[in-house]
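In this note's numbering, the protein residues as written are 2 to 936.
Ideal Cβ positions, reconstructed from N, Cα and C, are used throughout, including at glycine.
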């Protein structure tokens, strides 16, 4: 490696400088380890140097073998390194703080990081400064990732009892023992005289139990207060602060809050490890060097609200959620007034007021006059302390952060200081209005804050036990609604419908259902397609090998569990009869030995079983079963067979050459009546002339011949719901019936799943809401304990909106997670901006006010699961104009640009309306019909 010195040596050529730095950098990066030193250098100077060393590159051709002095550089050699634009002008290097960097610096835009060897070489050539050294540390969950700690922890040291203060910069990887040593050095104290405490939220937390523990492991955050206590001669502490408790005399230990306006909130550089410019969001900072007001935003005397948030490295998820909350009018007004008097300092469920203070401070900065973007590092530091899942600089879910903020702010601002113990009673048949008011009063008695005032509503939850039909009704609060996105693709399914009463021939029916629908969706579609009567219902079954494999009785069973090559049958059965068993008529025919037409192998099932419901009140005889089977088969009697009532003895070997036809539905009905008439003429409900070769399988799996002893009662198994009856189709019998209707049951989908657009218009937000409110079974992991059964049951659950908040937050569930995959739905949801009418969705019909809302803010998510980007669309109500908040960049947009497939969390505010009595939903329906989705 070539080393070039400025002392006593000629200046190196640009090409020599370039090659030298390249070789040094490659060697340094190949062996980078924890504890190595990197140096910041201003991007401006670095860019000048790159242009200088690359200026002859265009003149170098393949034939160039060397560079000589004749190749004169046209660009002037850069002057000394000047890092002054990276530091505060008044910064003075001292023993505690060192040189302070601006807190808005971004790697790749304002500075780059150079290995120590590269810096040393450049400094030897050019000189200058100031020198800004930073250490490499281990980071990440596994502590195996290398990062340069550009912003070490800035801690506030408070000496007690004297009250002296000092700020210090120290790496988060330094030990508590090192912090203790530095504190003694700063205040010129003997180490045996000093105890140090984490003084978070004005409470002492022990730090000196493990002096080898790192500050990172001790969860010390940026701008943390550290109490430095001098021990008196008796070995006790002079301060009156109790450990893990509040001060007895707060005036004697009062600590000034950190000056957030100057705080250099910390963390790592925007890039992770040594992947330079690896952050996909760095491009968002390209115009940070422009003066305020040059980004296209006209200030024109506006009082505030158009201030961006700097991206600290994948913090767009936080910025978008904060901007939506900050621009919620009720919150903006509340936090700009004296909200501190409502902070609940002693709520064990809260953050002792720290989260509310940090949010309020950030909101005031964003609403202050001016356009300089705000760096939310102090807020992020508080967030990381209370919610470690949001620490670091990875991408997170904006909705999850929003849920934490709303809940955390509520607990910090809860006006209820002592929560009473209240137990809500089950409805037990009481009026819904009475039960709902009782639940809400109990909730308010324990939870009363600005968050409850603005964002909390109430829904009705109804659980029904699938075994004993026990109904449980409760009324629960909600902070936001998470709506599923219904699939916009459908599936075509073919099912054969059978009439059990013999009123019609079997018919294949093809219907279109949601691809991700449930069994009840298929049953509903079939009911409409086959014109089901009001006193009938469909029993769905899957057949395999000419037998019923299973009854599909669970209405919530996903249709995805039904394969394309399955065979389904739907049986029309009485709706209002208590059914305990199903008679299954299994068809069999003789199998003949191949090669010898005279010998037979035996009876083998074929065709599709028929089903007849049996009531618990029925006492069945063999003759009754004969009559039932005759009725089920009557639509398939060939017309020529009507003149031969004794079907079992009829010889049809001399049938006409033209094949006999089956009966039409009208003829089938006539045939059924003829059978009944024959019964009546015989003077008995049974007849020996109408005998079919039927075999009943008893509880011992023995076959009973039903063609004899028609008066004998039939005893059914008490443990099985199925009654199996075989009908053996001889050739003579097949000549009298056309059974091809029972054969070759079509597949569910012969050509596979057919997907198509379910609607010509986009998916509506109303449709998503209806899916959310639809009755669903509880997941097996969340079964309900039935108080009547005394067992855990997979009950069905139905939600209804009961009380709506002033601000309705709607989360569109675009992300799905499983053990094997993560998925994002890019479905475009057409949501109304104005006149979002929820009147008909509110179950509380005593509320006569129309429930109208308008959109004022939303977060957007662009891209995939791990590398996406969040922005916010926000309407400034004072200006009646929409803006796009993209971290630090704010641009005006048109209202029609608000809707996109990226919409993720929607913020609606109630529209003040006069009391309007809504009769049968007429008002609300009109509002919905006037909503024309935009494409």
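Simplified DSSP assignment, three categories, for residue i
i	result
residue 741	helix
residue 111	coil
residue 386	helix
residue 874	strand
residue 129	strand
residue 225	coil
residue 41	strand
residue 524	helix
residue 211	coil
residue 557	coil
residue 261	Interpretation of residue 261 is limited by its pLDDT of 29, a score under 50 that renders its predicted location unreliable; the figure taken from the coordinates is listed afterwards. Three-state result, residue 261: coil.
residue 784	coil
residue 707	coil
residue 667	Its pLDDT being 46, under 50, residue 667 is placed unreliably in this model, and the value from its coordinates should be taken loosely. Helix.
residue 54	helix
residue 748	coil
residue 494	strand
residue 574	strand
residue 585	strand
Residue i burial status per 10 Å Cβ neighbour count (16 or more: buried)
i	result
residue 421	exposed
residue 793	exposed
residue 21	buried
residue 226	buried
residue 874	buried
residue 230	buried
residue 341	exposed
residue 635	buried
residue 821	Bear in mind that the predicted position of residue 821 carries a pLDDT of just 49, short of 50, making it unreliable; the figure below should be weighed with that in mind. Residue 821 should be labelled exposed.
residue 148	buried
residue 108	buried
residue 15	buried
Residue interval of the alpha helix (DSSP H) (run including residue i)
i	result
residue 323	317–327
residue 633	623–634
residue 103	Premise fails: residue 103 is in no alpha helix (DSSP H) and is neither H nor E.
residue 842	Note, residue 842: premise wrong, no alpha helix (DSSP H); not H, not E.
residue 399	399–413
residue 361	355–368
Contacts around residue i, its chain only, beta-carbon distance under 7 angstroms, and the 5 residues preceding and following it disregarded
i	result
residue 262	Low confidence applies here, because residue 262 scores a pLDDT of 29, under 50, leaving its location unreliable and the question unanswered by this model.
residue 725	585, 587, 698
residue 844	461, 801, 802, 803
residue 26	116, 119
residue 493	511, 513, 750, 755
residue 784	793, 794, 795
Proximal residues to residue i (C-beta, below 8 angstroms), its chain only, five neighbours per side dropped
i	result
residue 337	364, 365, 368
residue 789	466, 469, 471
residue 901	829, 861
residue 712	622, 623, 624, 687
residue 447	417, 420, 421, 423
residue 773	482, 483, 484, 485, 800
Boundaries (first-last residue) of the beta strand (DSSP E) holding residue i
i	result
residue 614	611–616
residue 196	195–199
residue 335	It is not in any beta strand (DSSP E) - residue 335 instead sits in the alpha helix (DSSP H) that spans 330–336.
residue 444	Segment 433–447 is the alpha helix (DSSP H) holding residue 444; no beta strand (DSSP E) there.
residue 508	508–515
residue 26	Run containing residue 26: none in the beta strand (DSSP E); it sits in the alpha helix (DSSP H), 15–31.
Beta-carbon contacts of residue i that lie in its chain and below 6 angstroms, excluding the five residues immediately before and after
i	result
residue 103	none
residue 19	54
residue 786	793
residue 939	Lying outside 2 to 936, the shown extent of the chain, residue 939 is not represented and no answer is given.
Whole-angstrom C-beta distance between residue j and residue i, which should lie under 8 angstroms
i	j	result
residue 608	residue 740	6 angstroms
residue 84	residue 42	7 angstroms
residue 832	residue 903	That pair is no contact at about 12 angstroms.
residue 523	residue 560	6 angstroms
residue 610	residue 548	6 angstroms
residue 565	residue 748	7 angstroms
Any chain D beta carbon closer than 7 angstroms to residue i
i	result
residue 356	In the structure shown, chain D cannot be found, because there is only a single protein chain.
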